[in-house]
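Notes to accompany the following structure.
Numbering (the working numbering), first residue to last: 745 to 887.
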């Protein structure tokens, strides 16, 4: 913004000048929001898919217009992005665009021994990074 002001003295003299205020924006980090999905043992139907899939970036936010986002790390490592990551009960594949698939390992005794209605949980962390160096982390929880 520019403001024009005039300064006058008691002898009739005056002068005018402009006051310019410049506001420079800075990058705001994205806000990663926790995600959850569910899978059932020994199933692979439309109602109960195995593997289960989704996108961890779809519910994340960023107040900066025009920023692009990507998953830059899974469980703290950039090397896990786009690669299979074996959890306690299954395998996660999380891509840089946020898309993921998780396949439950139905061959595990700990999965086969689940009583009806019992659940187990695999938790993976991911980092959402914007194109200006801002980042935020959240968890993807599979039950």
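Quick reminder that beta carbons are idealized off the backbone N, C-alpha and C, glycines included.
Contact check, residue i vs residue j, beta carbons under 8 Å
i           : j           : result
residue 775 : residue 806 : yes
residue 802 : residue 842 : yes
Residue i: first and last residue of the uninterrupted beta strand (DSSP E) it sits in
i           : result
residue 783 : Careful: residue 783 lies outside any beta strand (DSSP E) and carries neither H nor E.
residue 752 : 746 to 752
residue 882 : 879 to 886
residue 814 : 813 to 818
residue 761 : 758 to 764
Contact set for residue i: own chain, Cβ-Cβ below 6 Å, skip 5 residues either direction
i           : result
residue 881 : 776, 869 and 871
Alpha-carbon to alpha-carbon, residue j and residue i
i           : j           : result
residue 839 : residue 817 : 10 Å
residue 768 : residue 759 : 29 Å
residue 877 : residue 823 : 18 Å
residue 781 : residue 859 : 20 Å
residue 832 : residue 804 : 26 Å
residue 750 : residue 756 : 12 Å
residue 837 : residue 770 : 33 Å
residue 813 : residue 873 : 6 Å
residue 764 : residue 748 : 9 Å
Segment limits, alpha helix (DSSP H) that includes residue i
i           : result
residue 853 : 853 to 856
Cutoff 8 Å; reference residue i; Cβ partners in own chain excluding five residues on either side
i           : result
residue 829 : 818, 819, 835, 836, 837, 838 and 868
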